[in-house]
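Comments concern the structure below.
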Amino acid sequence: MPASNPNQANGEISLNDRWSYLNQYEKKYLKEAMKAYDKIIESKDDILKIANRYQLNCEDIERAKQYAFGRGVLQYQFIPDLRMAESWERMTLGEEIDSDEVLLKHEILESDLVINQGMNQLDAHKIAQNKYPWSIMITK
Numbered sequence: 002m003p004a005s006n007p008n009q010a011n012g013e014i015s016l017n018d019r020w021s022y023l024n025q026y027e028k029k030y031l032k033e034a035m036k037a038y039d040k041i042i043e044s045k046d047d048i049l050k051i052a053n054r055y056q057l058n059c060e061d062i063e064r065a066k067q068y069a070f071g072r073g074v075l076q077y078q079f080i081p082d083l084r085m086a087e088s089w090e091r092m093t094l095g096e097e098i099d100s101d102e103v104l105l106k107h108e109i110l111e112s113d114l115v116i117n118q119g120m121n122q123l124d125a126h127k128i129a130q131n132k133y134p135w136s137i138m139i140t141k
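For the sequence shown, position 67 (counting from the first letter as 1) is numbered 68 according to the numbering used here, and the numbering increases by one without interruption.
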C-alpha cells in the first residue's frame, strides 16, 4: 500500500510517521531493519505467494503482515527486527527455512488474538510464543 497522510480516512500512516516513537539513536541503529520493514509494506505480491506456499488464508497473511510490519508497528511501538524482515523476505522468495513458518504462524495467531479477539498485545504475544516459539528457535 502506498504511504499516505496519517489523517486520511482509511487509517493508513506514512512510512516516516510510523517510526516517530523511536529516538534518533534507535533510528540510526535500526536503520537497516526499518528499511526492510518499509520494503515489506510496499510489496504487492508477497501475500499471495506466502499464502499459496503455506496453504493459508490471504486475509490471515495480510493481517499478520500489517500487524508485524505495518500499522501495528506504530500502534504497539514494536522495535523493528531485521531477522523478522529477513524471514518474511525468504518466505516471499520461496527460500524459507523451518523457523520462518513458525514466525508466520506466531504472527497470524498473535494478530488474531489482538485484532479479532481484543486481547492485549503482551498476553497475545505470550500465547503465540508458547505455541510458536520463533524467537527461541532462532537463538539456538
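Built from N, CA and C at the ideal position, the CB exists for glycine as well.
Going by C-alpha positions, GLY71 is about 17 Å away from MET92. GLU108 is a Cβ neighbour of TYR68, given a cutoff of 8 Å. Here SER112 is near ALA65, since their CB atoms are less than 8 Å apart. In this structure, the alpha-carbon of TYR55 lies about 26 Å from that of MET35. Per DSSP, MET120 lies in no alpha helix (DSSP H) segment and is marked neither H nor E. Boundaries of the alpha helix (DSSP H) around ASP47: 47-55.
Non-local beta-carbon contacts of PRO81 in its own chain, meaning distances under 6 Å to residues more than five positions away in sequence, involve LEU31, ALA34, MET35 and TYR38 in chain order. Rounded to whole angstroms, GLU60 and LEU114 show a C-alpha spacing of 14 Å.
Residue range 59-70 is occupied by the alpha helix (DSSP H) that includes ILE62. Annotation: LYS141 is outside any alpha helix (DSSP H) and is labelled neither H nor E by DSSP.
If you look at GLU96, you'll find it isn't in any alpha helix (DSSP H); DSSP assigns it neither H nor E. Taking 8 Å as the cut-off, the beta carbon of LEU110 is found no closer than this to the beta carbon of ALA86. Pairing HIS126 with MET120, the inter-Cα distance amounts to about 10 Å. If you check the CB distance, LEU75 and ARG19 come in under 8 Å.
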